[in-house]
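Residue numbers (the working numbering): 3 to 247.
Have a look at this one:
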């Protein structure tokens, strides 16, 4: 099996290193990741400047672009052979509910999915990298699972509580929950006295009922959510047709 690994925390992040170490024992891996932290970059591609590919001493490739850039370049020009799987992460912090729209971690996996390749995004629920080895073992377990029942290509979003491996007793199939609106921006001043703004923290969970990713991780379970890209609001089509007649 050949696996392309990327992330949004950068090629030096502990999460991608732990993931690569685990998956290298079961597959032929290639790591292509941003040269710095690109969290929150979503599915953006860099179109206003050329991108550079550098190779680290460890053999990882880094690109001065977004997670989507990394997977796109790997699949369309770098790799001599198409991978069997695209894996992204392990992200520092959860990507659940509405956050998946902003996530660079999910975006890297999505880029593989758009090229017709099965893809999985992995995130730890809490920041700080606690129990990272446990999360990497869970990631390997999921990659090794027989997912033949899923239509291919599939896109999975996995969130792993920061717990010891022995405490992660269940891997649950979930749907995305919902969050409240984000907290207000944080106003500050730069050294020259100019007003600047920091994006505020994410809002609290709004819909975290049984079956959601929020509920599962609150129970200490690993949450696995199948995602799709079709954004068409099918229920609105008839109403829209009537409004346009």
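Even for Gly, the Cβ is constructed at its ideal location relative to N, Cα and C.
The segment 77 to 88 makes contact with the segment 120 to 139; the number of CB pairs closer than 8 Å reaches 3 or more. Residue 174 holds the alpha-carbon nearest to the alpha-carbon of residue 144 among 128, 174, 134, 47. DSSP, reduced to helix, strand and coil, places residue 86 outside both helices and strands of the structure shown, so it counts as coil.
Three or more Cβ pairs closer than 8 Å define a contact, and the segment 94 to 107 meets that threshold against the segment 34 to 49. In the structure shown, the three-state DSSP call for residue 56 is strand. For residue 141, the enclosing alpha helix (DSSP H) begins and ends at 134 to 146. Residue 223 has no beta-bridge partner at all, per DSSP. One thing to note: residue 179 has its Cβ within 8 Å of the Cβ of residue 210.
Assigned with DSSP and collapsed to three states, residue 23 falls in helix. The segment 158 to 176 and the segment 192 to 200 do not touch, with fewer than 3 CB-CB distances between them shorter than 8 Å. Here the alpha carbons of residue 100 and residue 23 stand approximately 30 Å from one another. Counting C-beta pairs closer than 8 Å gives fewer than three between the segment 129 to 141 and the segment 98 to 117, which falls short of the contact rule. Take residue 218, set aside five residues on each side of it, and the residues of its chain with a beta-carbon closer than 6 Å to its own are 174, 176, 225, in chain order. When DSSP states are grouped into helix, strand and coil, residue 187 belongs to the coil group.
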